[in-house]
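So the structure is just underneath, and the comments pick up after that.
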Amino acid sequence: MLPILIIYTGGTIGMQPSASGYQTSSGMSQLIANAFNSSALEQLKPFEVLEFPRLIDSSNAQPHDWLAIAQCIDDNYRQYAGFIVLHGTDTMAYTAAALHHILGESIKPVIVTGSQIPMCKARSDGPGNIQDAILFARSGKVNQVCLSFAGTLIAGACAKKVDTSALAAFTSYNSRPLAVADITLNFTEQHRPLNQSRPENRQSSFKLSPLQPQSVAVLLLYPGISKVSIDAALLDEKIKAVVMLSYGAGNPPDQNSDLIEALEAAVERDVVVINMTQCYRGKVAQGTYAVGSVLNKLGIISALDRTLEDLVTDLYINLDSYR
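The opening residue of the sequence shown carries number -6 in this note's numbering; numbering runs sequentially from there.
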């Protein structure tokens, strides 16, 4: 049986107290060894722990960190049955979405997890989250990038952090969980069965090319938005793609001439503009209301029910495919 590789990148799960607050710390292998009794540990094996040399608080995570994680998976792809990425919760949803787009249709599980309470503290949710991630990875029913937290397995491109302090900190607003860890692991009908005909020793086909974060902007619409804010996102020559967060079912203020003129100018110079709703649930239905019909006329792309994390990371990685 091939082992699972646990890739420790930093985050709350491995933090230790300091004079200035909790900070990232090495020693994940020992934390895991201390967290489980010998019987439980044997049931989770075989696994190995790889610590990144530069551990980060995930608030400092950057696109090059996603590539480093993906490169680590690529380098070790043939030696392991699956991969668990231990990560801070603040940008965990961005990392899960980015890995989804970078790694593509992997036949091996890649599960991102972490904790709200450090493993050095009593009541830490870290051991349970690690245990669930290992069991999900070993189930034979996961062949994509996922986020596992508080007993719930979520597709990597659909996850969102929704609570700063609750242990169930992540959800997927517009799709059911892939699985829930109760007494047994209960998978929904949405999981994709493994294609056993694909060879275990196949070469990976991951997209490890440079990302384009400098080319992507996010424009949040709000009543009274200034021309300066609009132009900064839509008229900057360096910007090649904009995610616009509009109201309700995808409605812009169509009487705001500064916005409409800037959208027209952006589209004219081939900027990719994607219209996303500010609502947590539901999807963009562009043109349902008259105020939204102008976006259809301009050729603005509907985000449907996609998350901001999914859209931003996809544009960083796959911008050229939108043209």
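Positions of the beta carbon are idealized from the N, C-alpha and C atoms, including for glycine.
Find out if the Cβ-Cβ distance for the pair residue i, residue j is shorter than 7 angstroms.
{"i": "ILE66", "j": "PHE40", "result": "no"}
{"i": "ILE232", "j": "ALA258", "result": "no"}
{"i": "TYR15", "j": "MET21", "result": "no"}
{"i": "LEU213", "j": "ALA172", "result": "no"}
{"i": "ASP83", "j": "SER108", "result": "no"}
How many angstroms separate the CA atom of residue i from the CA atom of residue j?
{"i": "GLN196", "j": "GLU230", "result": "Because GLN196 sits at a pLDDT of 49, beneath the cut-off of 50, its placement in the model cannot be relied upon, and the following sentence gives the value as read from the coordinates. When rounded, the distance between both Cα atoms is 39 angstroms."}
{"i": "GLY4", "j": "LYS220", "result": "38 angstroms"}
{"i": "ALA63", "j": "LEU201", "result": "7 angstroms"}
{"i": "ALA28", "j": "THR306", "result": "34 angstroms"}
{"i": "VAL264", "j": "SER286", "result": "19 angstroms"}
{"i": "ASN194", "j": "LEU43", "result": "Here the model assigns ASN194 a pLDDT of 45, short of 50, so the residue's position is not dependable, and the following value carries that caveat. Straight-line Cα distance between these residues: approximately 21 angstroms."}
{"i": "GLN36", "j": "ILE223", "result": "55 angstroms"}
{"i": "SER168", "j": "CYS151", "result": "7 angstroms"}
{"i": "ILE104", "j": "ASP251", "result": "44 angstroms"}
{"i": "GLN271", "j": "LEU204", "result": "26 angstroms"}
{"i": "PHE129", "j": "ASP68", "result": "22 angstroms"}
{"i": "SER141", "j": "LYS114", "result": "21 angstroms"}
{"i": "ALA225", "j": "VAL235", "result": "11 angstroms"}
{"i": "ILE77", "j": "ALA126", "result": "7 angstroms"}
{"i": "PHE180", "j": "VAL135", "result": "10 angstroms"}
{"i": "ASP156", "j": "TYR273", "result": "13 angstroms"}
{"i": "LEU60", "j": "ASP50", "result": "17 angstroms"}
{"i": "MET269", "j": "LYS38", "result": "43 angstroms"}
Between residue i and residue j, which are expected to be in contact by the criterion C-beta below 8 angstroms, what is the C-beta distance as a whole number of angstroms?
{"i": "MET112", "j": "GLY119", "result": "4 angstroms"}
{"i": "GLY97", "j": "PHE199", "result": "7 angstroms"}
{"i": "ALA74", "j": "PRO(-4)", "result": "7 angstroms"}
{"i": "VAL277", "j": "ALA296", "result": "5 angstroms"}
{"i": "SER165", "j": "LYS153", "result": "7 angstroms"}
Nearer than 6 angstroms: is that true of the beta carbon of residue i relative to any heavy atom of the ligand FAD?
{"i": "LEU252", "result": "As for the ligand FAD, it is missing from this structure, which has no ligand bound."}
Stretch-stretch touch, CB-based, cutoff 8 angstroms, three pairs: the region 297 to 308 with the region 89 to 96:
Output reads yes: the region 89 to 96 touches the region 297 to 308.
Does the region 232 to 249 come close enough to the region 273 to 284 that 3 or more CB-CB pairs lie under 8 angstroms?
These segments touch.
Enumerate, from N- to C-terminal direction, the unbroken beta strand (DSSP E) stretches of 3 or more residues contained entirely within the region -3 to 36.
Secondary structure within the region -3 to 36: the beta strand (DSSP E) runs of 3 or more consecutive residues, fully enclosed, are -3 to 3 (chain order).
Unbroken stretches of the alpha helix (DSSP H), 4 residues or longer, contained in the region 107 to 178
Runs of the alpha helix (DSSP H) lying entirely within the region 107 to 178, each at least 4 residues long, are 119 to 131 in chain order.
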